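Right, one structure below, let's go through it.
Protein chains in written order, with my numbering: chain A, 18 to 233; chain B, 13 to 253.
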C-alpha cells in the first residue's frame, strides 16, 4: 500500500486515479473501530469507487462479492479499507461524506498533490502528513518499460506481472477480450484492491494498438 | 508454490501471472522454479488453473523460507508485526499515533519495488550502508528490524541471506539536517544492488499541505526531485484508547 505514491503515468492520467485508505491504528483507535469502519465503507460505496477491498474479505469489487457481504464481514476490530476513485469529483464526494461522519479513523489519499491540496482547502480539511516519492533507484535497466509500469505500479505490492499486462494487450489486440474485461483480469492479482480498472481500460485503448506482441 | 506434474495439462495459463517469471515449461508441462519463486501465491489466487494443479510448497512455512511468503504475499500477516504488509502503519495513521514528531523526517526504502523483488543479500547492502552513514536505528515495528543481527553494522542474520522477497520496506527516522547525507548514501548503494528500490520521504506538513522548505532544499541539493503525486494523511483520525 505504501507504494501508491509511486504510481506512474502522465498527470492527465493520474488525475483519474485517487487511492483512499481507511486505517485504524493499533493501540490508539482499534477498539470499537469495527462499526465505524463499516459505516465508512457504506459511505465509500455511495461515492462510487472503481475498486475497493476490505481486509476482512480480501476480495476486490470484481470478484463477485456483494456490498452486503463486504459490510457483513466487518466485525473484527482493526479492519482496513483500500479503495480507488477515477476522478477528483468522486474522491471529493467521498471525503465530504467521511468528514461529515467524523468517525475518527485515519484517512489517506494518494493522488496528485496539487489537486489534493485544492480539494482539502475546498472542504476545510487540514492534512497532517505527506509521503513524497523520490523515485526509483538501482538497476532501473532491469525494469519493464514505462508504459507497462503505468499498469503494474497500480498494484503497490508488485503482484501484477508485466507479462500479464503484455498477455492482456495481446488478447485485446487479437479481439479476444475487451479493454474493460482485460483490465478486470489484470486487477485480479492485486490483493489490496487498489488497481484502477477504469484507468487501466483507458491505457489499454491507448497503448494496445502500438504493440505487436506474438506471445506476452 | 508448486505445480503437481500429474495434474498439469500444460496449457501455460499460469505463466504470465508470475511476477518473477518463475513458471516456465519443462517439456510439455509448467513447473515453478523453487529458487526464484517468492511464494506470493499470485498463481494460486488469480491464475484459475483449470485442473487445480497449483498448490502450496510443503516447505513454505519452514524458516527461513517463510520470509518469502510474509514479505511477498500481500494477504499474509507478518509474524514479526502482526499486520499484513511489509512495513508498518507509518504515515497511514500518523495523525493518530504521532509516531513521527514535527521537525523530524522519515525515509522509507521500498526494496524490490517496482516489479523486480530483491535478494536479502541486497537488502543487507542497504542496511549496512545506512549504518555506515550513522543511522543505527531501523524502525522497531518494521519486520526488517527483526531480521537484523547487529543494528550497529546493519548486518542481517546470516541464515536469512539466501532468501528473496518481492518487496520489503526499510524505515528510518532522522533530523532534517541528516537527509542529504542519507540520500547520498542511498544513491551510492544503488550502484551496488542487483535490483531496484524506491525512496519515500515523509514528514508532518504545515497548513495547506505546505512541505517544509528546508526538506525540499535538502532533496534538491542531492540532485533528486519528487513525483507530482504523493500519499497524504488527511488528518481526520483521533485516538480514544
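Ideal placement from N, C-alpha and C gives every residue a C-beta, glycine not left out.
In this text the structure is predicted, and so the values were computed from the model without any measurement.
query                                                                                                                                             : result
Min CB distance residue 250 of chain B to chain A below 7 Å                                                                                       : yes
Strand pairing of residue 68 of chain A, partner residues [DSSP]                                                                                  : A:101
Of the listed residues A:73, A:222, A:131, A:211, nearest to residue 186 of chain A (C-alpha basis)                                               : A:222
Simplified DSSP assignment, three categories, for residue 122 of chain A                                                                          : coil
Cut-off 6 Å between Cβ atoms - residues of its own chain near residue 212 of chain B, not counting five sequence neighbours on either side        : 120
Extent of the continuous alpha helix (DSSP H) run through residue 243 of chain B                                                                  : Taken as a continuous stretch (DSSP letters only), residue 243 of chain B belongs to no alpha helix (DSSP H), being part of the beta strand (DSSP E) at 241-245.
Spatially closest choice to residue 161 of chain B from B:155, B:66, B:153, B:170, by CA coordinates                                              : B:170
CA nearest to the CA of residue 79 of chain B, picked from B:174, B:220, B:185                                                                    : B:174
7 Å Cβ cutoff met for residue 23 of chain A and residue 209 of chain B                                                                            : no
Classification of residue 22 of chain B by the beta-carbon crowding that lies within 10 angstroms, buried from 16 upward                          : exposed
Beta-bridge partners of residue 34 of chain A, as assigned by DSSP                                                                                : For residue 34 of chain A, which the question treats as bridged, DSSP gives no partner whatsoever.
Chain-order list of residues whose beta-carbon lies under 6 Å from that of residue 179 of chain A (same chain, five-residue window excluded)      : 161, 165, 169
Any chain B beta carbon closer than 7 Å to residue 48 of chain A                                                                                  : yes
Cβ neighbours of residue 97 of chain A in the same chain (closer than 6 Å, five flanking residues each side left out)                             : 40, 72
Beta carbon proximity, residue 132 of chain B to chain A, threshold 7 Å                                                                           : no
Rounded separation between residue 166 of chain B and residue 228 of chain A - CA only                                                            : 45 Å
Cutoff 7 Å: residue 116 of chain B Cβ touching any chain A Cβ                                                                                     : no
Reduced DSSP secondary structure (H/G/I, E/B, other) of residue 258 of chain B                                                                    : What the structure shows of chain B is the stretch from 13 to 253, and residue 258 of chain B is not part of that stretch, so it cannot be assessed.
Own chain, CB closer than 6 Å to residue 49 of chain B, minus 5 neighbours either side, in chain order                                            : 13, 34
Between the CA atoms of residue 107 of chain B and residue 233 of chain A - distance to the nearest angstrom                                      : Its pLDDT being 49, under 50, residue 233 of chain A is placed unreliably by the model, and the measurement read from it follows with that caveat. Spanning the two alpha carbons is a distance of roughly 44 Å.
Between the CA atoms of residue 131 of chain A and residue 223 of chain B - distance to the nearest angstrom                                      : 12 Å
As assigned by DSSP and simplified to three states, the class of residue 182 of chain B                                                           : strand
Cβ neighbour criterion (16 or more within 10 Å) applied to residue 84 of chain A                                                                  : exposed
Spatial distance of residue 30 of chain B from residue 145 of chain A (CA atoms)                                                                  : 38 Å
For residue 41 of chain B, the residue or residues it bridges with in DSSP                                                                        : B:38
Continuous alpha helix (DSSP H) stretch holding residue 193 of chain B: start and end                                                             : 191-201
Own chain, CB closer than 8 Å to residue 163 of chain A, minus 5 neighbours either side, in chain order                                           : 25
Three-state secondary structure (DSSP) of residue 13 of chain B                                                                                   : coil
Reduced DSSP category for residue 61 of chain A - H, G, I as helix; E, B as strand; rest coil                                                     : helix
Run of the beta strand (DSSP E) containing residue 122 of chain B, from where it starts to where it stops                                         : 116-123
Inside the stretch 116-180 of chain A only - beta strand (DSSP E) runs reaching at least 3 residues                                               : 123-129, 146-155
Contacts around residue 107 of chain A, its chain only, beta-carbon distance under 6 Å, and the 5 residues preceding and following it disregarded : 64, 65
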